[in-house]
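Mapping of the sequence shown onto the working numbering: residues 211 to 637, in sequence order. Idealized CB from N, CA, C, for every residue including glycine. Remarks on the structure that follows.
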Amino acid sequence: MSETPKTRIAEKHGEQRYQIQIQRDLTRNFIIHLGHGMLGQTGFRLLMAPTFLPAYILLLSGGSELMVGVALSVNALGMMLTPLIGANLIEHRKRVLPVGFLTGGAMRASVLLIALSGFFLQSEAALIAIIICLLFFGLFQGMQGVIFNFLMSKVIPVSKRGRLTGLRNFLAGVTSAGVAWVGGHYFLGDDPTAVGYSWIFLLAFVLTSVGLALLLFIREPEPPTVQRKQNLLDRLQDLPQLLRDDPAFTRYFLARSLATMGRMAMPFYILYAGQSLGLTGQLLGIVTFAFTLAGTVSNLVWGSIADRAGFRLVFLLSIAIWVVATLLLIFSSGVFLTVVVFIGIGAAVQGFQNSSQNLTLEFGLRDDLPIRIAIANTASEFAGTIGPLLGGLLAAYFGYLSVFICSICFLVIGGAVVRFYVPEPRR
């Protein structure tokens with residue numbers, strides 16, 4: 211019986227030392243996370259922005275909207291399959307950064323292969339290679355999403371995460387907007403080619419690799435307690451009880467998944483606008499610039515709102531802006547209004563991504579955090595897998611308007627569930 215008080219005292223002292231180390235290294239880790247996130251997001255936005263990659267796939271496939279949906283669905287499929295594996299790899303470890311380097315390096319290798327395929331392969335072979343690379347990119351991205359979000363939760367207190375993500379995404383947006391404009395204007399020009407797109411994706415590889423290297427300088431604290439090591443199948447048996455014990459989290463990740471289905475429209479915004487305006491390098495550069503710059507400026511606002519009122523409010527506001535921007539695209543035309551639409555979508559997507567990821571970190575106990583991140587990401591990417599494929603089918607057989615209407619419905623339903631059935635976790 212005497213062991214129980216001693217154990218509790220030891221755990222209490224261990225927790226105090228853990229919190230002291232977090233505060234002692236906070237400035238250093240904040241700055242490193244800022245640089246890593248800025249460079250990483252700059253590069254990955256070049257690849258995943260709803261402009262360059264959809265237009266590239268359309269070029270390689272000879273104008274097939276269905277193949278655009280298939281390529282993005284394959285990427286989301288990879289992201290859906292591996293979050294639980296990522297959680298199982300790290301939740302028993304006191305230091306998770308070494309595993310993060312392995313998955314992050316593999317992601318960047320996939321980006322490099324996407325770039326090289328455009329230099330050395332013909333259109334059909336390049337399309338197949340890119341789809342395969344997007345699958346592997348998604349597989350490692352699914353694991354990295356768990357590992358790096360958990361790492362941030364260890365080194366950045368919840369009261370500072372809003373300003374970190376806001377400032378990080380602001381800086382990433384500034385650099386992304388400039389790089390996107392340069393890429394569209396100089397690498398693509400009036401007549402985009404596979405080589406031009408490949409130069410853009412090669413630049414993405416360089417930027418993300420430098421960002422990953424910055425994490426060599428981070429100081430990761432070791433928590434006093436972690437989950438015991440289990441194989442993945444045994445850990446999966448704990449999930450039903452975990453979800454029953456936290457009904458607010460369960461409702462949240464289901465609502466997040468519904469809203470994520472709204473991403474089905476993302477690759478088709480630019481293709482819809484391009485019907486009347488033409489998919490020139492200048493247009494792609496301008497709208498990507500607008501998309502990323504809007505996300506840039508809005509991130510400062512989203513971060514401030516999150517620190518003051520919580521990420522739940524950011525989640526709801528971003529969905530509202532997303533719906534309004536999509537409606538404007540349906541009922542508008544011309545370059546100016548198209549740019550306005552992408553400004554709204556850029557701001558909304560950044561708010562949605564930041565809030566959906568950070569809200570996951572605020573439910574339940576710390577030791578269960580990796581598996582909660584994995585559950586939320588798996589469900590979200592399951593929706594992300596179905597969404598683009600469904601969007602491609604709708605676009606191919608019923609037109610772009612059917613994609614946008616379906617997207618709006620999912621966004622509204624997901625937002626309504628969070629509004630009425632998920633309380634603010636900080637309270």
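Check, Outcome
"Cβ-Cβ separation, Gly-574 to Thr-502 (assumed contact under 8 Å), whole Å", "No, Thr-502 and Gly-574 are not in contact; Cβ-Cβ is about 34 Å, not under 8 Å."
"Environment of Arg-378 [buried if 16+ CB atoms lie within 10 Å]", "buried"
"Alpha carbon of Arg-238 to alpha carbon of Ala-475, nearest angstrom", "39 Å"
"C-beta atoms of Gly-495 and Thr-375 nearer than 7 Å", "no"
"Length of the line joining the Cα atoms of Arg-227 and Ile-342", "46 Å"
"Pick from Gly-406, Tyr-479, Leu-417 that is closest to Glu-275, judged by C-alpha positions", "Tyr-479"
"Pairwise C-alpha distance: Tyr-407 and Phe-262", "7 Å"
"In chain order, each alpha helix (DSSP H) run of at least 4 residues that lies wholly inside the segment 404 to 489", "404 to 424, 442 to 446, 449 to 455, 457 to 470, 476 to 487"
"Coil, strand or helix - Glu-301 by DSSP", "coil"
"Nearest-angstrom Cα separation, counted from Glu-225 out to Gly-554", "43 Å"
"Candidates Ile-300, Lys-222, Gln-233, of which the one nearest Gln-440 by Cα", "Ile-300"
"Proximity of Thr-305 and Glu-430 at Cβ, strictly below 7 Å", "Thr is not the amino acid found at residue 305; the sequence shown has Arg there. Yes, the Cβ-Cβ distance between Arg-305 and Glu-430 is below 7 Å."
"Contacts around Ala-483, its chain only, beta-carbon distance under 6 Å, and the 5 residues preceding and following it disregarded", "Thr-548"
"Gly-372 (DSSP reduced to helix, strand or coil)", "helix"
"Validate contact between the segment 405 to 421 and the segment 318 to 333 using beta carbons, cut 8 Å, 3 pairs", "yes"
"Asp-577 (DSSP reduced to helix, strand or coil)", "helix"
"Cβ-Cβ separation, Arg-318 to Leu-422 (assumed contact under 8 Å), whole Å", "7 Å"
"Ser-528 in three-state terms, based on DSSP", "helix"
"Pro-457 classed as buried or exposed, judged by whether at least 16 other C-beta atoms fall within 10 angstroms", "exposed"
"Cβ-based burial, Gly-355 [other Cβ within 10 Å; buried from 16]", "buried"
"Local Cβ density within 10 Å of Phe-541, reported as buried at 16 or more and exposed below that", "exposed"
"Residue span of the alpha helix (DSSP H) that contains Ser-542, given as start and end", "From DSSP, Ser-542 is part of no alpha helix (DSSP H); its letter is neither H nor E."
"Spatial distance of Val-368 from Gln-233 (CA atoms)", "12 Å"
"For Leu-307 and Pro-434, the rounded distance between their alpha carbons", "17 Å"
"Residue range of the unbroken alpha helix (DSSP H) whose run includes Ser-320", "307 to 330"
"Per-residue burial, Gln-485 [other beta carbons within 10 Å of its own, 16 or more giving buried]", "exposed"
"Cβ contact check for the segment 590 to 602 and the segment 277 to 293: 3 or more pairs under 8 Å", "yes"
"Per-residue burial, Ile-219 [other beta carbons within 10 Å of its own, 16 or more giving buried]", "exposed"
"Under 7 Å between C-beta atoms of Gly-310 and Ile-267", "no"
"Exposure label - Tyr-607; buried when at least 16 CB within 10 Å", "exposed"
"CA nearest to the CA of Val-278, picked from Leu-599, Asp-578, Leu-322, Ser-543", "Leu-599"
"Given Ala-519 as reference, the closest of Ser-565, Leu-453, His-395 once Cα atoms are compared", "Ser-565"
"Residues near Thr-252 by beta carbon distance below 6 Å, same chain, minus five either side", "Ala-382, Thr-385, Ser-386, Leu-417"
"Whether Leu-337 touches Gly-288 by CB criterion (7 Å)", "no"
"Three-state class that DSSP yields for Asp-400 in the structure shown", "coil"
"Given Tyr-462 as reference, the closest of Leu-294, Ala-626, Ala-297 once Cα atoms are compared", "Ala-626"
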